[in-house]
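Peer 1:
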Amino acid sequence: MPVGGITGETLPEFLRAGAGGFGLGSGLYQASISADEVMLNAKGYIRSYKNALENV
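Taking the numbering used here as reference, the numbering of the sequence shown is continuous, increasing by one, and the terminal residue is 66.
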């Protein structure tokens, strides 16, 4: 399970390499951002993951 360098752009690479999960950190949450921004980040990761699954 990769835990570093996970972005919407790198998700497909990790899936092709066989990753079954991801540890999301600063790309998802930072203490200085609002809950709404965290939600937008989460939705972006979900969208990237779904797109990656369709193309792997």
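All C-beta atoms, glycine included, are put in the ideal place defined by N, C-alpha and C.
Measure the C-alpha to C-alpha separation of A41 and G54 and round it to an integer number of angstroms.
Peer 2: Cα-Cα distance, rounded: 18 Å.
Peer 1: Closest to I56 by C-alpha separation, out of P12, V13, M11 and G18, would be which residue?
Peer 2: The candidate whose alpha carbon is nearest that of I56 is G18.
Peer 1: Between which two residues does the alpha helix (DSSP H) holding M49 run?
Peer 2: Segment A45 to N65, the alpha helix (DSSP H) holding M49.
Peer 1: If G33 and M49 are in contact, beta carbons under 8 Å, what's the gap, nearest whole angstrom?
Peer 2: Actually they do not touch by this definition, with Cβ atoms about 19 Å apart.
Peer 1: Counting along the chain, where does the alpha helix (DSSP H) carrying F24 start and finish?
Peer 2: Per DSSP, F24 belongs to the alpha helix (DSSP H) from L21 to R26.
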